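Residue numbering for the sequence shown follows our numbering, beginning at 1 and increasing consecutively. Note that beta-carbon positions come from the ideal geometry of N, C-alpha and C, so glycine has one too. The structure displayed is predicted, hence computed values, not measured ones. Heads up: the structure comes next, in structure tokens.
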Amino acid sequence: MRMSRSSGIGACRSTTGRRSGTCLRRGGRMTLPEVIGAIHPLREAGGISPSEPIGAVTADSRHVGPGSVFIALQGERVDGAEFVGDAFGKGALAAIVSEAGARKVPGGVARTKPVFVVRDPVEALGDMARAHRLRHRGIPLVGITGSSGKTTTKEMLFCLLSRSRRVLRNPGNRNNLIGMPLALLELSGEHDTAILEMGSNAPGEIARLAGIACPDIAVITNISPAHLEGFRTMQGVAREKGDLFRALGGAGTAVVNATDLRVVREAGRCRAE
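Here you go:
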């Protein structure tokens, strides 16, 4: 690994200058058989169009339109499974529900529509987003995390790159296991670059998000005691943030805040060269 240091930002990058993932853009939306291959449902029902591409993917039944895939998530007050019938009424192509949620889907809908029952709809959403990302592996993707400054860094980078490129980013601070995959599913062959902010409240979440997004470039803004309650110690926080660097392939690039020794130490453990 070669790292340059400055009072602000340094980087460890491939000595060849090549990124991992050199396949050409394949573009296009996933089809339902491809969705099934990505999420491995416990069971499925209803007629499935083998070639019709899916449209938007949403966890909000109010945003369902023709061709959408509706992810029925369990909320604090309501269960999205209660709105599966409404989603198909608005033209949804398929719905993804939990085993418990499947019992709330009207029998007629469950028998005649593509309803995919999975162990965990949030996990299925991530698997679906990863499969979609692999369809667009030729588009460079920047992953950003840190104890603070993630959204500001993402928005600043977006403003700079969007002057000359078509850039996808997750809006606001939608950086969790739901918001980031939903944003990634908007990636298309029309984009030149993607910038995804990743947040975490519990150990393992950054590793999961990075595994979904497959970043080519990783940025850790800083590592501090913010959100310490979920990780108990600063070492736990550092390991969690450092998982973004460790998700890089050997040809990836880690952008390192050289003024933060914790970030520098995590960079020393990454595979990027």
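Where does residue i sit, in a helix, a strand or coil, going by DSSP?
i    : result
L93  : coil
S224 : coil
G149 : coil
A56  : coil
G85  : helix
L168 : strand
G186 : The amino acid occupying residue 186 in the given sequence is Glu; Gly does not appear at that position. It is coil, neither helix nor strand.
S162 : coil
M180 : helix
A194 : strand
G143 : strand
For residue i, list the residues DSSP reports as bridge partners.
i    : result
F231 : None, per the DSSP bridge assignment.
D79  : Q74
F116 : E44 and I96
V69  : V57 and A94
Applying the 10 Å Cβ sphere with the 16-neighbour rule, what's the burial state of residue i?
i    : result
P215 : buried
L187 : buried
L261 : exposed
N173 : exposed
S147 : buried
E240 : buried
S61  : buried
V78  : exposed
E76  : exposed
H40  : exposed
Please go through the same chain and pick out, in chain order, the residues whose beta-carbon is closer than 6 Å to the beta-carbon of residue i, but skip the five residues on each side of it.
i    : result
R130 : I212
L157 : I195
N175 : E197, M198 and G199
A207 : D243
T259 : none
K90  : V64
What whole-angstrom Cβ distance do residue i and residue j have, given they're in contact under 8 Å?
i    : j    : result
V115 : G85  : With 8 Å as the limit, V115 and G85 do not qualify as a contact, their Cβ atoms being about 10 Å apart.
L185 : R119 : Not quite, the Cβ-Cβ distance comes to about 20 Å (not below 8 Å), so this is no contact.
V97  : A87  : About 10 Å separates the two Cβ atoms, so there is no contact after all.
R111 : G46  : 7 Å
P50  : P33  : 6 Å
Only counting the same chain, and skipping five residues up and downstream in sequence, which positions put a Cβ closer than 7 Å to that of residue i?
i    : result
N201 : H227 and G230
A38  : D127, M128 and A131
Just to check, is the beta-carbon of residue i closer than 8 Å to a non-hydrogen atom of the ligand PLP?
i    : result
P181 : Among the components modelled here there is no ligand, and therefore nothing to report on the ligand PLP.
Counting only the same chain and skipping the five closest in sequence on each side, list residues whose C-beta sits under 8 Å from that of residue i.
i    : result
I178 : A59, L73, V122 and L125
H63  : A56
Using 9 Å as the limit for Cβ to Cβ distance, is residue i near chain C?
i    : result
V117 : The question asks about chain C, but that chain is absent: this structure has only one protein chain.
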